[in-house]
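Participant: Encoded as structure tokens, here's the structure I'll be asking about.
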Amino acid sequence: SYLPTGIIFEVIKRDNILKAALNILGKKIKYFPYLKGSDINFFLEKKNLVGGVGGDMPVLTASSNFNINVSMVLQKGNISIITDKPMLTNDIKGKRIGYPSGSISHYFLLNLLHDSGMEENELKLIPMDVTTMANALQNNEIDLFTAWEPTVASALKQYPEFFKSYSKISTGYLYFLKEFVEKNPKIVNQILAATIRAITWLKNDRENLLLACLWNIEEIEKLTGEKCMLDSEEFADLAMADILRYHSKYSIVVNDDDTQINSSLHKEFRFLKELNLVPISSEWDKVRESFDLNLVLEIYKQSKEFNLDKFDYDSNFNEH
């Protein structure tokens, strides 16, 4: 339920080159869909998972609490606030707001309140799954909600009377337990190579992108048990408005500037610390060290060895 990473991973699941490379290493990947990054972090910390995809807030929270390797940028798209009538910031006071707890949308909401000079106790924050938000707003159970794509586009299509009142660009990342990266560098390299291949394949041809969107829609319907409101063309447009819009292959590389003091990530970390959403004892240096500036670059340098220009995808995904 997170675009365009859902589309990208539907392609990775079907990558025969990745399967063959992992088979040589005696390994297979199991994929688990989650609704938000904080849920992934829960299982990462318990070591039930070895990696996942999440936005700024889940990544900052994870890197403050345990050791991770943030390997790749996988999302640069909008987080939005949806209302059933036009609202200014002051209109939010006293309202019921649906939000996915521990997600990048949660941070966006807290930051908006902070910038507006509002305290949390001046409104009612209601933690919810993103899949329930549009109907909750329509049924007057909440007054507004914050979410990411495709939840936002789906809600606006289902209920054309809704408004997108605020939007802000956010970033999402692919990250692993640091211990797993250190013990299994060959596996991690093959997963990153498969991710690069997937993004290249999606950008190469609109038909490729539309096919992957169909795969993702099927997966979302399985996960939610509901018919998807958006079609593959609409999914494709959302993906092209995100990380897939960038022409440079280096758009997925973690940038050193993004981890400097007073960068947006650093400001977000300090804000989360003030709110006790990351441990008060956590230090920026530890968080900064979690961001790996080199892994993806090393794979690009060995493009032939990692088959970055070869594509072989199974239309039918079978995990077993």
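Counting in this note's numbering, the sequence shown runs from 6 upward without gaps.
Ideal Cβ placement from N, Cα and C applies to all residues, glycine included.
Quantities reported herein were computed from a predicted structural model and do not represent experimental measurements.
#1: Please identify the residue among I248, S253 and N221 whose C-alpha is closest to the C-alpha of F240.
#2: Of all the beta strand (DSSP E) runs that stay within the bounds of the region 167-241, which reach a length of 3 or more residues?
#3: Determine the closest residue to I192 out of N53, P9 and I304, with distance taken between C-alpha atoms.
#4: Between the region 222-230 and the region 99-110, do three or more beta carbon pairs fall short of 8 angstroms?
#5: Just the C-alpha distance for T66 and N312, rounded to the nearest angstrom, thanks.
#6: Can you say whether H252 is buried or exposed, counting buried as having 16 or more other CB atoms within 10 angstroms of its CB?
#7: Grouping DSSP H, G and I as helix and E and B as strand, with all else coil, what is H325?
#8: Can you give the Cα-Cα distance for H271 and P284, rounded to whole angstroms?
#9: Quick one: grab the DSSP three-state call for I73.
#10: Just verifying my parser: in three-state terms, what is the DSSP assignment at F296?
#11: Roughly how many whole angstroms lie between the Cα atoms of H325 and K18?
#12: Alpha carbon to alpha carbon, what distance is there between K208 and L249?
#13: Spatial neighbours of I87 within its chain, please: CB distance less than 8 angstroms, with the 5 preceding and 5 following residues excluded, ordered by chain position.
#14: Evaluate the contact criterion for the region 20-35 versus the region 170-185: three or more CB pairs, one atom per stretch, below 8 angstroms.
#15: Rounded to the nearest angstrom, what separates G177 and K291 at their Cα positions?
#16: Can you give me the C-alpha to C-alpha distance between I29 and I266, rounded to a whole angstrom?
#17: Taking 8 angstroms as the cut-off, decide whether the C-beta atoms of N83 and I174 are in contact.
#18: Going by DSSP, which residues form a beta bridge with K52?
#19: How about D317 and I13: are their beta carbons less than 8 angstroms apart?
#20: Specify the secondary structure class of V16 as computed by DSSP and reduced to three states.
Facilitator: Taking the structure as given:
#1: When C-alpha distances from F240 are compared across I248, S253 and N221, the shortest belongs to N221.
#2: 168-182
#3: I304
#4: no
#5: 34 angstroms
#6: An exposed status is given to H252, since fewer than 16 other beta-carbon atoms sit within 10 Å of its beta-carbon.
#7: Summary for H325: the model assigns pLDDT 49, below 50, so the residue's position carries little reliability; its value from the coordinates is reported in the next sentence. The answer is coil: DSSP assigns H325 none of H, G, I, E or B.
#8: 15 angstroms
#9: If DSSP states are grouped into helix, strand and coil, I73 belongs with the strands.
#10: strand
#11: With a pLDDT of 49 at H325, under the threshold of 50, the modelled position of this residue cannot be trusted; read the value that follows with caution. Roughly 12 angstroms separates the two Cα atoms.
#12: 7 angstroms
#13: M138, A139, L142, L149, F150, T151, A152, V157, A160, L161, F167, F168, K169 and S170
#14: no
#15: 19 angstroms
#16: 42 angstroms
#17: yes
#18: Its beta-bridge partners do not exist; DSSP assigns none.
#19: Going by C-beta atoms, D317 is not nearer than 8 angstroms to I13.
#20: Annotated three-state conformation of V16 is helix, per DSSP.
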